[in-house]
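Written out below as C-alpha cells is the structure these notes cover.
2 protein chains.
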Amino acid sequence: MEKTKKIILPEKEIPEHWYNIQADMPNPTLPPLHPGTKQPIGPEALAPLFPMELIKQEVSQERWIEIPEEVREVYKMWRPSPLFRAKNLEKLLDTPAKIYYKYEGVSPAGSHKPNTAVAQAYYNKQEGTKKLTTETGAGQWGSALSFACNIFGIELEVYMVRVSFDQKPYRKSMMNTWGAKVFSSPTNLTESGKKVLSENPDSPGSLGIAISEAVERAASDGGTKYSLGSVLNHVLMHQTVIGQEAIKQMEMANDFPDIVIGCFGGGSNFGGIAFPFLGLNFREGKKVRCIAAEPSSCPKLTKGEFRYDFGDTVGLTPLIPMYTLGHTFVPAPIHAGGLRYHGAGAIVSQLLKDKLIEAQAFHQLECFDAGVKFARSEGIIPAPESNHAIACAVKEALIAKEEGKSKTILFNLSGHGYFDMSAYDAYFAGKLVEHHLTEEELHADLKKLDTPTIA
Amino acid sequence: MEKTKKIILPEKEIPEHWYNIQADMPNPTLPPLHPGTKQPIGPEALAPLFPMELIKQEVSQERWIEIPEEVREVYKMWRPSPLFRAKNLEKLLDTPAKIYYKYEGVSPAGSHKPNTAVAQAYYNKQEGTKKLTTETGAGQWGSALSFACNIFGIELEVYMVRVSFDQKPYRKSMMNTWGAKVFSSPTNLTESGKKVLSENPDSPGSLGIAISEAVERAASDGGTKYSLGSVLNHVLMHQTVIGQEAIKQMEMANDFPDIVIGCFGGGSNFGGIAFPFLGLNFREGKKVRCIAAEPSSCPKLTKGEFRYDFGDTVGLTPLIPMYTLGHTFVPAPIHAGGLRYHGAGAIVSQLLKDKLIEAQAFHQLECFDAGVKFARSEGIIPAPESNHAIACAVKEALIAKEEGKSKTILFNLSGHGYFDMSAYDAYFAGKLVEHHLTEEELHADLKKLDTPTIA
Numbered sequence: 219m220e221k222t223k224k225i226i227l228p229e230k231e232i233p234e235h236w237y238n239i240q241a242d243m244p245n246p247t248l249p250p251l252h253p254g255t256k257q258p259i260g261p262e263a264l265a266p267l268f269p270m271e272l273i274k275q276e277v278s279q280e281r282w283i284e285i286p287e288e289v290r291e292v293y294k295m296w297r298p299s300p301l302f303r304a305k306n307l308e309k310l311l312d313t314p315a316k317i318y319y320k321y322e323g324v325s326p327a328g329s330h331k332p333n334t335a336v337a338q339a340y341y342n343k344q345e346g347t348k349k350l351t352t353e354t355g356a357g358q359w360g361s362a363l364s365f366a367c368n369i370f371g372i373e374l375e376v377y378m379v380r381v382s383f384d385q386k387p388y389r390k391s392m393m394n395t396w397g398a399k400v401f402s403s404p405t406n407l408t409e410s411g412k413k414v415l416s417e418n419p420d421s422p423g424s425l426g427i428a429i430s431e432a433v434e435r436a437a438s439d440g441g442t443k444y445s446l447g448s449v450l451n452h453v454l455m456h457q458t459v460i461g462q463e464a465i466k467q468m469e470m471a472n473d474f475p476d477i478v479i480g481c482f483g484g485g486s487n488f489g490g491i492a493f494p495f496l497g498l499n500f501r502e503g504k505k506v507r508c509i510a511a512e513p514s515s516c517p518k519l520t521k522g523e524f525r526y527d528f529g530d531t532v533g534l535t536p537l538i539p540m541y542t543l544g545h546t547f548v549p550a551p552i553h554a555g556g557l558r559y560h561g562a563g564a565i566v567s568q569l570l571k572d573k574l575i576e577a578q579a580f581h582q583l584e585c586f587d588a589g590v591k592f593a594r595s596e597g598i599i600p601a602p603e604s605n606h607a608i609a610c611a612v613k614e615a616l617i618a619k620e621e622g623k624s625k626t627i628l629f630n631l632s633g634h635g636y637f638d639m640s641a642y643d644a645y646f647a648g649k650l651v652e653h654h655l656t657e658e659e660l661h662a663d664l665k666k667l668d669t670p671t672i673a
Numbered sequence: 219m220e221k222t223k224k225i226i227l228p229e230k231e232i233p234e235h236w237y238n239i240q241a242d243m244p245n246p247t248l249p250p251l252h253p254g255t256k257q258p259i260g261p262e263a264l265a266p267l268f269p270m271e272l273i274k275q276e277v278s279q280e281r282w283i284e285i286p287e288e289v290r291e292v293y294k295m296w297r298p299s300p301l302f303r304a305k306n307l308e309k310l311l312d313t314p315a316k317i318y319y320k321y322e323g324v325s326p327a328g329s330h331k332p333n334t335a336v337a338q339a340y341y342n343k344q345e346g347t348k349k350l351t352t353e354t355g356a357g358q359w360g361s362a363l364s365f366a367c368n369i370f371g372i373e374l375e376v377y378m379v380r381v382s383f384d385q386k387p388y389r390k391s392m393m394n395t396w397g398a399k400v401f402s403s404p405t406n407l408t409e410s411g412k413k414v415l416s417e418n419p420d421s422p423g424s425l426g427i428a429i430s431e432a433v434e435r436a437a438s439d440g441g442t443k444y445s446l447g448s449v450l451n452h453v454l455m456h457q458t459v460i461g462q463e464a465i466k467q468m469e470m471a472n473d474f475p476d477i478v479i480g481c482f483g484g485g486s487n488f489g490g491i492a493f494p495f496l497g498l499n500f501r502e503g504k505k506v507r508c509i510a511a512e513p514s515s516c517p518k519l520t521k522g523e524f525r526y527d528f529g530d531t532v533g534l535t536p537l538i539p540m541y542t543l544g545h546t547f548v549p550a551p552i553h554a555g556g557l558r559y560h561g562a563g564a565i566v567s568q569l570l571k572d573k574l575i576e577a578q579a580f581h582q583l584e585c586f587d588a589g590v591k592f593a594r595s596e597g598i599i600p601a602p603e604s605n606h607a608i609a610c611a612v613k614e615a616l617i618a619k620e621e622g623k624s625k626t627i628l629f630n631l632s633g634h635g636y637f638d639m640s641a642y643d644a645y646f647a648g649k650l651v652e653h654h655l656t657e658e659e660l661h662a663d664l665k666k667l668d669t670p671t672i673a
C-alpha cells in the first residue's frame, strides 16, 4: 500500500530572498494613479500608510530582495512547509496525473498569510510603528497579523467582514488570544462604515468595505499604519517563499509541474506558489501553466474588466490597474470569505492581460465536493478558499485521464479548514447554496465606474 | 533576536518499533480480573472486543514490537513530529530552565491520538473487522479514529461525551467529514445509556459512560469490535513513537531532559512521551523525573486509591488494577474533556505505586493562564488538555528560577486548541469556573466500590 508522500526540505533551505517578479515581467505594470487627480503617483504618496521599506519593495525592480534574518528566524517556527504527493487522491480519481500539493496550513495561524504578516510587522517595528490596522475576510489574514504583531509588540485593530465575523466567531477568539482588537465591519467607528450602513444597514460587508475602514483609521492617526494581506506587489512577493521551496521539493521528488494552481482572492496565495515558476518560464523558457482558481460568485479574472479601479469600496486608496468587478461590488456571502474581493492585484492583472497566466472559476458546491474528496483521501480538511484550488486540480487531473496523459499538477493548499466546520456542516446538510450571478448583477457595478479605462 | 528553535528529524528516523515498557518494569502489573468471577483472566477473554494482534500486544513482555510498514506509511503523513526549544516562553518566564516541547498537533486530527488509531484500525482491518465502536471525550480520540477508519475502509460509531458534544460541535463535523457516525452520550441506543439517563436525565456524560455504551454495542454484534483511545497497555505502547523521536531530537539539540511532563487522562499521552525516557532510567540508570499533570477536578493520581476497578461506568469491562476515583465518578464539566476519566491505566498506576513516576494536579484557571502565555510566546494555541502539561512545565521552570538552577524540561504538547476556542472565549470573559472538589465528593464513589482492593 503506497501512501501519500511527504517531501520535507531542511531548515537551511528556507529561502534567503523573496523573488520579485517585476524584474522579469515582459510588460511592466502600469503606475497607480492618485484617487483625486488621477495622475500617476510616486511611492511617497503611500508614506502615510506604509513604512518606507515596504514602499521601496512595492516599486522595486530588483529580482531578489533579501529576507531579514529576524523574519527568517520567525519563519523557522513552521517553514519550510511540507510538500505532499497526493497518491491517495490520485487513486480516488483513477487518474494518470501526478498531483502534488504544498501545505501552508502548518503555520500557527493556519494559512500562508503569516509569510507576509511577519515581514510587514517586522518592518513596521523597525520604523517605529506603534499600532497597525487591517481588514480580514475569512479571518486568516487577521489571525496571521495578530500572530505577527504579538511577536513584535505592535497593537492591532482588525476590521472583519461581517458575514465572516458571524460565520466564524472562533477566528475572532484566535485573534483575541494573540491580543488583537476585532470589529465587525461595517462599523460605526469610521465615516466609511457609517456611509455603507446608512445605505444598507444589513450589509454583509466585504473586503473592500473593511479596507476602507482600516485605511481611514490609519490615515487619521499619526502613530498608526495600515497593513494589507494581499493585492499589493510587496505582499505577493513575500509569499514567494512558497514557490521557491516548492521548486526545490519538486526537484527532490525528481519531478516538475506542468500545471501550478492557486486559489485566488487578491493574488497573494496564487502569486506565492506561481511567481517563482513563472520566473522559470521567463528566464529559462519553461512552460508551466499557472492557473488562478476563483469563485464563480466573484469572477473578476474570468468576467471582470481590466481598468483602473480603487482597492477599497469607498474610494480612499490609489487607483490600481486591475481586473475588477467594480469597487462597489459586494459578493454573495459564500463561505470562502478570503476570496470575496472585487479586484486583482496589479501584477497578476498584467500577467493575465498578457496571457501569461490562466484563470478558471468554480462554484461553491463543486469546491466543497472536491474538498471532502481531499479530506477523505489525504486526511487534511481544507479551508473553503483552498477548496477552489483542489477543484481546479481535480478538474485538470480528470482532463488528463480523458486524454490518457500523465501530467504533473501542483497546487497550493493555502490553509486548513478547522475554523470552517460550520461550512462543512452546511454542505453535508445540503444547505449550501450556489450563487449564480446574472449578467446584470455582474455588470451593475462596472457600469457605475468613472475611473480611467486602459486601452 | 533568538527565536524558538524547531528540531526536525528526517523521515527515515520514524521509529521502526514501539517500546513495550512491560519488559523493563521492576514490578509487573497485576492481572486483570473477570468482572463477574473476579478471578484473573487470560487474554482470550478480550477476544470479543479486540483483534488478536492487539490482545497479544496487551500482554506481551517483548521490549520492542515491530511497527507494520503500512502503519509507518500512514505515520509519514505527519511524523516525525517537530520538537521545539521554547526560547520565547523561557524569556517570558525569565527562567534559567531550558524548556522543550514535542508537538503532536501536526497530525491530521490535531493530536497524538492518530499514533494508536492508525495501528488499531490497521490490525482490525487485517483481521476482517467491518465496523468499530468507540467513545470520545473532547473529540480528539473520535477524530483520530475517524481519520484512521476512513483510511482503512472500516465503519465507525462514536459515543461522544455529552458535555463535549455540546461544547465542541465542530469536532463532530470533523468526524462526519471522515465518514463516522457520532452520538451524544449517554444515548437511548444502549442499555448502559438508558440506565444512566433514568438516574439522571441531565447527565453531562463521562468517558466511563461512553465506554460502557461503545463496549455494549460492540459486544452485541459479531462483525463489530471496540477500540479504546487510552488506558490499555497496547494503546500506551503505540504512543511511544513520541518519546523515541524526542530522545533523538534532544540528542540533536545536544541536551537531555531532567524532567519530562505529559498531561494525564488515561495515560496515553503521558506514556507516549515518558515511557521511552523511563526505559533509559531502568536500563541505563538515567534519572529523568517523569511527571503526569492531571486536572484538580479529576485527581485520580494525586487523590485516588490504588485498587481494582472497572474501566467503564456501568461495569462491563474487566477489573483493572488502577488509581481510581471510583468508576461511577462523574467529573465536573471542565473544558479539558479528554482528561475527564475516573481511572489510570494499569502500567502507569503500577509505576506511580512504585514511585517511579510523579503526579501533580492543576486547576482549570491556572492551566488556561499557562496556555495563553504559551500561545502569546510560542504562537501555538494549545488544547485545554495540553494546558495542564504547560502549567506543570511553567511551575517547574519557576522553581528552577527560584533555586537558581538550569534544568532541562521537556513536555508533550499533545494537541492544538483550534476546536476549543469557546473555552478560551469563556476564559477571556472571566466565565471559566474552578471546580473545587470537597473531600466528601472526592470519596463518595470510592466508598461505594465493592471491587477487590490491593494490599
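Those protein sequence lines, which keep their order, are chains A and B.
For any residue, its number in the working numbering is found by taking its place in the first sequence, counting from 1, and adding 218.
For any residue, its number in the working numbering is found by taking its place in the second sequence, counting from 1, and adding 218.
Glycine included, every Cβ here is placed at the ideal spot set by N, Cα and C.
Here the structure is a predicted model, which means the values were calculated and not measured.
Within 10 angstroms of the Cβ of residue i, are there 16 or more other Cβ atoms? Answer buried if so, exposed if not.
i         : result
Ile672(A) : exposed
Ser416(A) : exposed
Val651(A) : exposed
Ile624(A) : Note that residue 624(A) is Ser in the sequence shown, not Ile. Exposed, because fewer than 16 other Cβ atoms sit within 10 Å of the Cβ of Ser624(A).
Met243(A) : buried
Trp282(B) : exposed
Arg380(B) : buried
Glu375(A) : buried
His545(A) : buried
Arg389(B) : buried
His654(A) : exposed
Residues of chain A with a CB under 7 Å from the CB of residue i: which are they?
i         : result
Phe646(B) : Asn394
Asn368(B) : Arg594
Val612(B) : Residues of chain A passing the Cβ test: none, with the nearest at roughly 17 Å.
For residue i and chain B, any beta-carbon pair shorter than 9 Å?
i         : result
Tyr318(A) : no
Leu569(A) : no
Pro602(A) : no
Val324(A) : yes
Quick check on the DSSP output: the alpha helix (DSSP H) that includes residue i runs from which residue to which?
i         : result
Gly357(B) : It is not in any alpha helix (DSSP H) - Gly357(B) carries neither H nor E in the DSSP assignment.
Ala611(B) : Pro602 to Glu621
Gln578(A) : It is not in any alpha helix (DSSP H) - Gln578(A) instead sits in the beta strand (DSSP E) that spans Glu576 to Phe580.
Ala471(A) : Ala471(A) -> no alpha helix (DSSP H), and no H or E assigned at all.
Tyr388(B) : Pro387 to Thr395
Thr520(A) : Lys518 to Lys521
Check whether the Cβ of residue i lies closer than 9 Å to any Cβ atom in chain A.
i         : result
Ile599(B) : yes
Tyr237(B) : no
Leu445(B) : Correcting the residue type first, residue 445(B) is Ser in the shown sequence and not Leu. It does not; no Cβ of chain A falls within 9 Å.
Lys223(B) : yes
Pro494(B) : no
Cβ closer than 9 Å: which chain B residues qualify as neighbours of residue i?
i         : result
Gly397(A) : Arg594
In chain B, what lies closer than 7 Å to residue i by C-beta?
i         : result
Ser391(A) : Met639, Tyr642 and Asp643
Chain A partners of residue i, CB-CB under 8 Å?
i         : result
Glu229(B) : Lys224 and Ile226
Phe365(B) : Gly597
In chain A, what lies closer than 9 Å to residue i by C-beta?
i         : result
Pro636(B) : Before going on, a small fix: residue 636(B) reads as Tyr here, not Pro. Result: Gly328, Tyr388, Met392, His634, Tyr636 and Phe637.
With a threshold of 8 Å (Cβ to nearest heavy atom), would residue i be considered close to the ligand SAH?
i         : result
Glu262(A) : Annotation note on the ligand SAH: not contained in the displayed structure, which lists no ligands.
Positions along the segment 293-309 of chain A whose CB lies within less than 7 Å of some CB in chain B: For the segment 293-309 of chain A, the residues whose beta carbon sits under 7 Å from a beta carbon of chain B are, in order, Lys294 and Met295.
Below 8 Å between beta carbons is the criterion; list the residues of the segment 638-671 of chain B that meet it against any residue of chain A, in chain order. So the close ones are Met639, Ser640, Tyr642, Asp643 and Phe646.
Selection of the segment 572-594 of chain B by Cβ proximity to chain A, strictly under 7 Å: From the segment 572-594 of chain B, only Val590, Ala593 and Arg594 have a Cβ closer than 7 Å to chain A.
Would you list, in chain order, the members of the segment 407-433 of chain A that have their beta-carbon closer than 8 Å to a beta-carbon of chain B? Of all residues in the segment 407-433 of chain A, none has a Cβ within less than 8 Å of some Cβ in chain B.
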